[in-house]
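The next block holds one structure in the form of structure tokens; read it before the comments.
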Amino acid sequence: MADRNVGEALMGIGFGGYFFFKGIRLWRVMRTIEDTPLSKISSVAMGDAELSGEVKAVKLLKAPFSGNECVYCSYTVEVPQKRGWRQVDKGQIHSIFYLDDGSGQILVNPESAAYHGAQTFQTVVSGWGAAADPGVSAWVETRRSKSMLGSLGVAGRHRFTEYIVRPGQILFIGGAVSRIKHIVNGAAREEDIMGARASGHFMLSAYSEESLLAQMGWKAPLQIFGGMVLLLGCLWYVVVQLQIGRFI
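Counting along the sequence shown from 1, when you hit position 38 you're at 38 in our numbering, and nothing is skipped either side.
Next up, the structure:
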């Protein structure tokens, strides 16, 4: 029993450290948002910026599981475990789009962006029958063909989740503005484009700046202090067990 408890304590140290540093990263993102003023597209300067406006599609994509039209989709596939769900696959599909705030438009390249918003599609599948969504079936077939175990490699329950950005949606975006030259209808054109900051921070949010900051304002401290308490408590337990000779 003592060995089992120590094993769980070691896992607790790992989880505590994970949530502590996750909270630190979230706190830094929150401070970056607070320190960067919201700009109008018509007067935005090159470099770090925050913008808010309506999404205008350049090229529409199909979300992999639902088939819904979008310009960006972040997706995950999970399987159940003892406590919650474990992620077995994730990814993004994206297309450059315009953001329009009424004062002007700017291109946005959403590659590598972190998305903040509610899920737009989720399904849990226990069997791979005809009732499964076509996109889900396609994922299963691809996974099965790559697995050495064949059908056993994708057996059991799976949860498929999507987060998509649609044309007409209002987004709050934090990133960096630069200028690019590209060809449009056979003619060279210079345009401003928003993408990732030099630090790598880049976000698309379905929530307003105020709402996003309010969420981060309680999540970051909870993760930092909760993770620290879990880490230190489990570390103390392991040290005590070592001192009394119950774990070698």
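Where a beta carbon is used, it is the ideal one built from N, C-alpha and C, also for glycine.
Just list the residues that DSSP pairs E54 with in beta bridges. In the DSSP assignment, E54 is bridged to D100, I170.
Could you say if the stretch 225-241 and the stretch 192-209 meet the contact criterion of at least three C-beta pairs nearer than 8 Å? no
Which of helix, strand or coil DSSP assigns to F202: coil
Over what stretch of residues does the beta strand (DSSP E) that includes L107 continue unbroken? Its beta strand (DSSP E) spans residues 105-108.
Give me the Cα-Cα distance between P167 and G7, rounded to the nearest whole angstrom. 49 Å
Taking only the alpha-carbon atoms, compute the straight-line gap between G226 and V44 and give it to the nearest angstrom. 39 Å
Classify M203: buried if its beta carbon has 16 or more other beta carbons within 10 angstroms, exposed otherwise. buried
Taking the alpha carbon of W85 as the point to measure from, which residue in K56, I93, T76 has its own alpha carbon closest? T76
Who are the Cβ neighbours of V229 in its own chain at under 6 Å, not counting the five residues just before and after it? Closer than 6 Å at the Cβ level, and outside the excluded window around V229, lies no residue.
Please list the terminal residues of the continuous alpha helix (DSSP H) segment that includes Q81. Segment: none, Q81 is in no alpha helix (DSSP H) and carries neither H nor E.
Write down the C-beta distance between L99 and L51 rounded to the nearest angstrom, noting that I regard them as a contact closer than 8 Å. With 8 Å as the limit, L99 and L51 qualify as a contact, their Cβ atoms being about 6 Å apart.
Could you tell me the distance, in whole angstroms, from the CA atom of R157 to the CA atom of I224? 32 Å
Below 8 Å, can you find three or more Cβ-Cβ pairs linking the stretch 95-110 to the stretch 189-197? yes
Please report the distance separating the alpha-carbon of E191 from that of S126. 48 Å
Please state whether DSSP places K59 in a helix, a strand or coil. Three-state result, K59: coil.
A138: beta carbon under 6 Å from a heavy atom of the ligand FMN? The ligand FMN is not part of the structure shown, which contains no ligands of any sort.
So, is I180 buried or exposed, given that buried needs 16 or more other C-beta atoms within 10 angstroms? exposed
In the DSSP output, which residue or residues are listed as bridge partners for L213? Residue pairing of L213 in beta bridges, as defined by DSSP: absent, with no partner found.
Take A57 and list the residues in its own chain whose beta-carbon comes closer than 6 Å to its own, dropping the five residues that flank it on each side. V71, F97, P167
Residues bridged to C73 [DSSP beta-bridge criterion]: I93, I164
By the three-class DSSP mapping on this structure, what secondary structure does K181 have? strand
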